[in-house]
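Each residue of the sequence shown is one higher than the one before, counting from 1 in the numbering used here.
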Amino acid sequence: MPVYTQHAPDPHTWYSLAAQAERSAGVVSSHPAMSSCSRVALVTGANKGVGFAIARALCRLFSGDVVLTARDEARGRAAVQQLQAEGLSPRLHQLDITDLQSIRALRDFLRREYGGLDVLVNNAAIYMENPKVVDTTPFHIKAEVTMKTNFDGTRDVCTELLPLMRPRGRVVNVSSMESLRALKSCSPELQQKFRSETITEEELVGLMKKFVEDTKKGVHQKEGWPSTAYGVTKIGVTVLSRIQARHLSEQRGGDKILLNACCPGWVRTDMAGPNATKSPEEGAETPVYLALLPPDAEGPHGQFVVEKRVEQW
């Protein structure tokens, strides 16, 4: 697999390249509301933080409709109103990624109104390990709850929505550098499994379940796991992305769908706190770059991307 390490141009450049390629390919660029002809991008967990910044950037740069999702519909409406006040026109759909019924309602909405999906940004996640917050929640509870959202929820969204991806679609799974740090803190045996080019989704799911079970038994460190639930769940997201990209190449290679994991960086959000080095807008740059890779791009695909560069996994 080729490795792409060059710096990316500004997203505006990617957008103009994409628009030119679409025009030459005869792709419809206008986006009448609620039309199956319309292109559509979807961002999960988009009512605040990096997700909101990604949605805002896509509203400005993506040639089509942008659907913002939020677990709390009222907060989602407030985010939409803020973007509308800026002259943008996002759509809103409620989504709780821990609720399969909610995911399937979103899937049916996309099928009905658009007939498919062009860009999927899986951003929704939780973080329960802020050292500055006094929290007496047992570690095994944090592990179980974090896994249910960050890994299981993201996987369920992909299971339901990846079949809707249209040719030249783009999928971005927002992971974290914590996944790489956590990986390096795993036992050599676990590292080998997570770095394997042939690991299956079933094997990965089994490992994620084992981590949670090991925390319940109080043996996770003895079993080679790091003491970060968030980091382990993001290992899951990064490895899942590698597996999904492999499947897309094998099953839909001609469709030129590109799927990657990425890290937005240390961003000033509710999750990371006010001392982080990046603004949400800066954190959105790499996810948006991957979401707007031009139609003729051959990569990156199946990679972990940081600061628009491929990071060795």
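Even for Gly, the Cβ is constructed at its ideal location relative to N, Cα and C.
Local conformation of residue i per DSSP, three classes
| i | result |
| --- | --- |
| ASN150 | helix |
| GLN312 | coil |
| PHE304 | strand |
| LEU293 | coil |
| ARG268 | Unreliable placement is indicated for ARG268, whose pLDDT of 48 sits below 50; the coordinate value is still reported in the next sentence. Here ARG268 sits in coil by DSSP. |
| MET177 | helix |
| MET165 | strand |
| LEU106 | helix |
| GLY206 | helix |
| LEU190 | helix |
| GLN391 | Missing from the structure shown is residue 391; the chain here goes from 1 to 313 and no further. |
| THR137 | coil |
| GLU281 | helix |
| GLU197 | coil |
| PRO318 | What is shown of the chain runs 1 to 313, which leaves residue 318 out entirely. |
| THR228 | coil |
| LYS234 | helix |
| LYS132 | coil |
| LYS142 | helix |
| ASP99 | coil |
| VAL125 | Note that residue 125 is Ala in the sequence shown here, rather than Val. In this structure, ALA125 counts as coil in the three-state DSSP scheme. |
Cβ neighbour criterion (16 or more within 10 Å) applied to residue i
| i | result |
| --- | --- |
| ARG75 | exposed |
| PRO315 | Any property of residue 315 remains undetermined from this structure, which presents the chain solely from 1 to 313. |
| PRO141 | The displayed chain sequence assigns Ile, not Pro, to residue 141. ILE141 comes out exposed. |
| ASN47 | buried |
| PRO138 | exposed |
| ASP108 | exposed |
| ALA78 | exposed |
| LYS209 | exposed |
| GLY206 | exposed |
| GLY218 | exposed |
| ASP135 | exposed |
| ASP96 | buried |
| VAL133 | exposed |
| GLY153 | buried |
| SER38 | buried |
| THR200 | exposed |
| GLN303 | buried |
| PRO264 | buried |
Beta-bridge pairing of residue i - partner residues as DSSP gives them
| i | result |
| --- | --- |
| HIS93 | THR69 |
| ARG170 | VAL119 and LEU258 |
| ALA41 | VAL66 and VAL119 |
| GLY263 | In the sequence on display, residue 263 carries Cys and not Gly. CYS263 pairs with VAL306. |
Which listed residue (the options) has its alpha carbon closest to that of residue i
| i | options | result |
| --- | --- | --- |
| ASP156 | GLU311, SER102 and LYS256 | SER102 |
| SER187 | PHE62, TRP225 and VAL232 | TRP225 |
| LEU327 | MET147, GLY254, THR149 and VAL305 | This structure leaves residue 327 out entirely; the chain is present only between 1 and 313. |
| GLU178 | LEU164, ARG166 and GLY236 | GLY236 |
| ASN115 | ALA143, ASP65 and PRO131 | The sequence shown places Gly at residue 115, rather than the Asn named in the question. Minimum Cα distance to GLY115 is reached at ASP65. |
| SER175 | LEU92, ASN123, GLY254 and PRO90 | ASN123 |
| GLY49 | LEU120, PRO280, HIS301 and ASN150 | PRO280 |
| PHE194 | VAL239, SER227 and ALA53 | VAL239 |
| ALA314 | ALA57, LEU259 and VAL219 | Beyond the ends of the chain as shown, which are 1 and 313, falls residue 314; an answer cannot be given. |
| GLN312 | LYS184, ARG111, LEU68 and ALA41 | LYS184 |
| SER196 | ARG60, ARG242 and VAL133 | ARG242 |
| GLU223 | THR286, SER249 and ASP214 | ASP214 |
| GLU168 | VAL43, GLN303, LEU290 and GLU73 | Residue identity differs from the one stated: residue 168 is Arg in this sequence, not Glu. Checking every option, the nearest Cα to that of ARG168 belongs to LEU290. |
| GLU160 | PRO131, LEU106 and VAL171 | LEU106 |
| PRO131 | TYR230, ARG252, GLN244 and LYS216 | TYR230 |
| ALA143 | ASP118, THR98 and PHE211 | PHE211 |
| GLY253 | GLU282, HIS301 and LYS216 | HIS301 |
| ARG71 | SER63, GLY45 and GLN82 | GLY45 |
| LEU248 | GLN191, PRO163, VAL288 and LEU204 | PRO163 |
| HIS93 | LYS308, LEU117, ARG166 and GLU73 | GLU73 |
| ARG170 | ARG309, VAL40, GLU307 and VAL310 | VAL40 |
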